[in-house]
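S.K.:
Numbering (the working numbering), first residue to last: 5 to 719.
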């Protein structure tokens, strides 16, 4: 039964006595004695204590109403004669003849009362004590919840005191005052300040201090920083710290076109008439984008070609694998067989000023443009003696001159004698396009640009089927303050790509312009035994053109199983439609002369004898001409040295490829030693040397030279 209101105390007591009188048995006996119980529910809202109801202590009803019984002082009138009838069905009917006044007293909580958090309800502050002097408990009468408040900065022991996030503080409790105080850690104690970009963290006067992580990469052109514990070194755009194209003081690149370095790139060539060796040179120029000198053809601005050695009346310029020099013609009729000045190949005394010896002997300098060039001297031949070298300047052999010194701005190259030249300060001036008015006040050197309008434009075909272009700006003459429009003093720009031709086109220089188009190969001939009537081009050097053999020679095959015979026939020279009778162009045709039977090998007993098949070939143990695998002498004419005796070039059948071969010392076939005799000189196989591109095709003016030359279509 749930009781929603409280009835008067006398009624409860009387009711309890009545129940007791009606037969309840308990520890107290009959009549108005104690009411026995086992729990509070049997005591009508009072406490069951020691097995009996204690009607002096309220316990709350079954619903758990909070509060305590309070007597408001109201009077419950006595029964005036009405009759209270007990409901035998369990219902108690109040006496209607009397008035019952409800007590407004709120009883204490039931023992079964639970708070919202599921804990037993409290009724007083004393029930909310935590046993700690640093907390205060109060009971919320409305919810029955205990409210616990922690007293600020209160402690009972050191562990109650926290230093928070500061690793360099420790908490200490003053037990007497129950107040926490913070104590600094020892200076130098290791700690972590929580910053991944610091290192060597340690305590200093209660604070954790770390040193910034060192992210300096030693490069002044990077911005160094740390993020998330990782170093970042970001490049500063346009910054440089070294290099000939770097203004180190400003940490920035020099302007585009600035001279880079003091050593130019030089090139040599033979003059058109082959009477002299010529050179041109170019200083690399900065591109404004890098600290170092750039590479590639666009990094240079070339000078005009200028002679650096004259070949005289008895010489001609030749290109020996890039080593351009004068080759002198033998004019002496005197014969010789040995000596430092004897040409043993022809048995004649070498021409005057032929190089004699390998030790430099003197030097001379002269001007090329506004730069000093130097030639190196060697002892030379007299032209009349085959046994002696001479130091006289009349016989001295001079190499082609090479770059020595560039004259600085405000200077010019000055020739003081036939063997001496140097940079001299320029003539003082006060006006003119070729006067350094704002600088040294000196006349500007030769080739210094003095105008912006090109005076000449040139085109050429470059690698990759490209049309290349360069322009000449007006330049100073070096002898006047007036700007010259002569190309002799022009300052040429670097070659630049103007257009790349399609795969079906070729670069062509036509009417002075560079264009792309489809062209036929140049015609060289229309008929003749050495003319390819299909391509209209000369047949390659060494092509057989005779029908009668001129000579025969024999040698062993590489596997020693055959005796080979080679016969020579007249051959084409690669630049004529007629057959040549010159031995240089002989066509050698190999064939098998004899095949050795099983157990026999090719053998040669002397260098001049014809090889034959033998069961006991010549054996050897070592040597340049000894086959290390078979221990047989290597066949005659096998190359056995890297010494180049001569070089030959020829054009391919289509005229698009240049081929090259070299002649060197060879084996005799009857010895393990390499022979230096010209009788055994041997040629290597022809190998591709260079491909001609664009509208250039191979031309072969002599056996010792070939080049890719521009052609005019249809010729």
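Cβ coordinates follow ideal geometry from the N, Cα and C atoms, glycine included.
In this text the structure is predicted, and so the values were computed from the model without any measurement.
(1) Roughly how many angstroms separate the alpha carbons of residue 55 and residue 121, rounded to a whole number?
(2) Among 689, 418 and 495, which has the Cα closest to the Cα of residue 478?
(3) So is residue 461 buried or exposed if we call it buried at 16+ other beta carbons inside 10 Å?
(4) According to the neighbour-count rule (16 or more other Cβ atoms, all chains shown, within 10 Å of its Cβ), is residue 386 buried or exposed?
(5) Apart from the five residues just before and just after residue 93, which ones in its own chain have a Cβ nearer than 7 Å to its Cβ?
(6) Can you list, in chain order, the residues of its chain whose CB lies under 6 Å from that of residue 372, leaving out five sequence neighbours each side?
(7) What residues in its chain sit with their C-beta under 8 Å from that of residue 294, if we drop five residues either side in the sequence?
(8) Note down, in chain order, each residue of its chain lying with its Cβ closer than 6 Å to the Cβ of residue 614, except the 5 sequence neighbours on either side.
(9) Leaving out five residues before and five after residue 493 in sequence, what residues of the same chain have Cβ atoms less than 7 Å from its Cβ?
(10) What would DSSP say about residue 277, mapped onto helix, strand or coil?
(11) Using 8 Å as the cut-off, can you tell me whether the stretch 573-586 makes contact with the stretch 625-640, which would need three or more C-beta pairs spanning the two stretches below that distance?
(12) Spatial neighbours of residue 600 within its chain, please: C-beta separation below 7 Å, excluding the five flanking residues on both sides.
(13) Taking the straight line between their C-alpha atoms, what separation do you get for residue 289 and residue 410?
(14) Does the beta-carbon distance from residue 545 to residue 576 come in below 8 Å?
(15) Report back the beta-carbon spacing between residue 139 and residue 153 to the nearest angstrom; my notes put them in contact at under 8 Å.
(16) On the DSSP bridge assignment, give the partners of residue 479 in chain order.
(17) Could you please give the first and the last residue of the uninterrupted beta strand (DSSP E) stretch that includes residue 175?
(18) In the DSSP assignment, the beta strand (DSSP E) including residue 204 goes from what residue to what residue?
(19) Sort out for me which residues DSSP pairs residue 40 with in a bridge.
(20) By Cβ distance, which residues of its chain are closer than 6 Å to residue 298, with the 5 residues on each side in sequence left out?
(21) Roughly how many angstroms lie between the CA atoms of residue 40 and residue 147, to the nearest whole one?
(22) In chain order, what residues of the same chain lie with their CB nearer than 7 Å to the CB of residue 43, ignoring the 5 residues before and after it?
(23) Just list the residues that DSSP pairs residue 596 with in beta bridges.
(24) Given residue 199, which residues of its chain have a CB within under 7 Å of its CB, disregarding the five upstream and five downstream residues?
(25) When DSSP labels each residue in this structure, what does residue 574 get in the three-state scheme?
(26) Considering only the beta carbon of each residue, do residue 340 and residue 352 sit closer than 8 Å?
(27) Who are residue 369's beta bridge partners in DSSP?
(28) Which residue's Cα is closest to the Cα of residue 319: 416, 238 and 329?
(29) Under the DSSP definition of a beta bridge, which residues are partnered with residue 353?
(30) What residue from 217, 238 and 216 has the CA that sits closest to residue 226's CA?
(31) Once you ignore the five residues that flank residue 271 on each side, which residues in its own chain have a CB closer than 6 Å to its CB?
(32) Name the DSSP bridge partner or partners of residue 213?
(33) Within a Cβ cutoff of 6 Å, which residues of the same chain sit near residue 593, ignoring the five residues on either side of it in sequence?
(34) Taking contact to mean 3 or more Cβ pairs, one atom from each stretch, closer than 8 Å, check whether the stretch 700-709 and the stretch 673-682 are in contact.
(35) Thinking just about the alpha-carbon of each residue, which of 556, 512 and 585 is nearest to the one in residue 533?
(36) So, at 6 Å on beta carbons, what are the nonlocal neighbours of residue 314 in its own chain, with the 5 sequence-adjacent residues on each side left out?
M.R.: According to the data block:
(1) Answer to the nearest angstrom: the Cα atoms are 32 Å apart.
(2) Per the Cα distances, 495.
(3) That one is exposed.
(4) Looking at its Cβ environment, which holds 16 or more other Cβ atoms inside 10 Å, residue 386 is buried.
(5) Confidence is the limiting factor: at residue 93 the pLDDT is only 47, short of 50, which leaves the residue's position unreliable, though a coordinate-based value still follows. Apart from sequence neighbours up to five positions away, no residue of its chain approaches residue 93 with a beta-carbon distance below 7 Å.
(6) 310.
(7) Excluding five sequence positions before and after residue 294, the CB atoms of its chain that fall closer than 8 Å to its own CB belong to 244, 247, 249 and 257, given in chain order.
(8) Non-local C-beta neighbours of residue 614 in its own chain, meaning closer than 6 Å and more than five positions away in sequence, comprise 558, ordered along the chain.
(9) Once the five neighbours on either side are set aside, the close Cβ partners of residue 493 are 450, 451, 479, 480 and 481.
(10) Correct three-state label for residue 277: coil.
(11) At 8 Å Cβ cutoff, the stretches do not touch.
(12) Cβ within range, chain order: 565, 566, 606 and 617.
(13) C-alpha separation (whole angstroms): 15 Å.
(14) In this structure, residue 545 sits near residue 576, with a CB-CB distance shorter than 8 Å.
(15) Their Cβ separation, rounded to whole angstroms, is 7 Å, which keeps residue 139 and residue 153 in contact under 8 Å.
(16) According to DSSP, residue 479 bridges with 453 and 488.
(17) 173-178 is the span of the beta strand (DSSP E), which, as asked, contains residue 175.
(18) Boundaries of the beta strand (DSSP E) harbouring residue 204: 202-208, taken from the DSSP string.
(19) 56, per the DSSP bridge assignment.
(20) Around residue 298: 291.
(21) If you draw a straight line from the Cα of residue 40 to the Cα of residue 147, it comes to about 33 Å.
(22) Excluding residues within five positions, the ones whose Cβ falls inside 7 Å are 52.
(23) Under DSSP, residue 596 shares a beta bridge with 568.
(24) Correct list, in chain order: 214.
(25) DSSP places residue 574 in coil when its eight states are reduced to three.
(26) Cβ atoms of residue 340 and residue 352: closer than 8 Å.
(27) 378, per the DSSP bridge assignment.
(28) Scanning 416, 238 and 329 for the CA closest to the CA of residue 319 turns up 329.
(29) For residue 353, which the question treats as bridged, DSSP gives the partners 346.
(30) Distances from the alpha-carbon of residue 226 to those of 217, 238 and 216 put 238 closest.
(31) Result list for residue 271: 284, in chain order.
(32) BP columns for residue 213 point to 206.
(33) Same-chain partners within the cutoff: 571.
(34) The stretch 700-709 vs the stretch 673-682: no contact.
(35) Checking every option, the nearest Cα to that of residue 533 belongs to 585.
(36) Around residue 314: 280.
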